[in-house]
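Engineer:
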Amino acid sequence: MVLKSGGSAVLMTKNTQLSGKRILIVEDEILAAMELTDILESRDCTIVGPVASLKDALPLAEESEYDAAILDITLRDGEVFPLAQWLQEHQVPFIFATAYGSSAGLTEEFSHYMLVPKPYPEQRLVRALDQVING
Numbered sequence: 623m624v625l626k627s628g629g630s631a632v633l634m635t636k637n638t639q640l641s642g643k644r645i646l647i648v649e650d651e652i653l654a655a656m657e658l659t660d661i662l663e664s665r666d667c668t669i670v671g672p673v674a675s676l677k678d679a680l681p682l683a684e685e686s687e688y689d690a691a692i693l694d695i696t697l698r699d700g701e702v703f704p705l706a707q708w709l710q711e712h713q714v715p716f717i718f719a720t721a722y723g724s725s726a727g728l729t730e731e732f733s734h735y736m737l738v739p740k741p742y743p744e745q746r747l748v749r750a751l752d753q754v755i756n757g
């Protein structure tokens, strides 16, 4: 958005509390992955992935550097919980995403983790990531 200030144009950017953060995206729906990528890149984040399967996500998670992850619960080849367990063991912050409503599909072990609904509400997603990354 551009605002005029005393005859000169000033570029106004979105709140960038996530600026410079690297975010792993594990999402099997291509349009949802594109939406996440657009939202996060507009916040000056670097995207790791996106990947659509657990088979691809586990090695990427182990080999890459990132500050947090967004995990779709249900992937092409099963549920994301083995990756969530790995992230938890390595103290990597993450949030879950689902199109099936609040706490749908979360196991007891992960019931206290943040869950963001799909389609992704931008402000809620950004707040959730900021909270898990920055506290």
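My numbering numbers the first residue of the sequence shown as 623 and each following residue consecutively. Ideal Cβ placement from N, Cα and C applies to all residues, glycine included. The structure displayed is predicted, hence computed values, not measured ones.
Using a threshold of 8 Å, state whether the C-beta atoms of Tyr788 and Glu657 are closer than that.
Structural biologist: Lying outside 623 to 757, the shown extent of the chain, residue 788 is not represented and no answer is given.
Engineer: Out of curiosity, what's the CA-to-CA distance linking Ala750 and Pro739?
Structural biologist: Going from the Cα of Ala750 to the Cα of Pro739 covers about 11 Å.
Engineer: For the alpha helix (DSSP H) holding Ala654, just list the boundary residues, first then last.
Structural biologist: Per DSSP, Ala654 belongs to the alpha helix (DSSP H) from Ile652 to Glu663.
Engineer: Can you tell me whether Glu701 is helix, strand or coil according to DSSP?
Structural biologist: Reduced to three states, the DSSP call for Glu701 is strand.
Engineer: Spell out the partners DSSP gives Ile669 in its beta bridges.
Structural biologist: Looking at the DSSP assignment, Ile669 forms a beta bridge with Ile645.
Engineer: Taking Cβ to Cβ, would you say Ile645 is nearer than 8 Å to Val670?
Structural biologist: A contact, by the Cβ cut-off of 8 Å.
Engineer: Let me confirm a value: Arg665 is counted as buried when at least 16 other C-beta atoms fall within 10 Å, else exposed. Which label applies?
Structural biologist: Buried, because 16 or more other Cβ atoms sit within 10 Å of the Cβ of Arg665.
Engineer: Helix, strand or coil: how does DSSP classify Ile695 here?
Structural biologist: The answer is coil: DSSP assigns Ile695 none of H, G, I, E or B.
Engineer: Compute the Euclidean distance between the alpha carbons of Gln680 and Ser641, then round it to the nearest angstrom.
Structural biologist: It should be noted that the sequence gives Leu, not Gln, for residue 680. Rounded to the nearest angstrom, the two C-alpha atoms are 25 Å apart.
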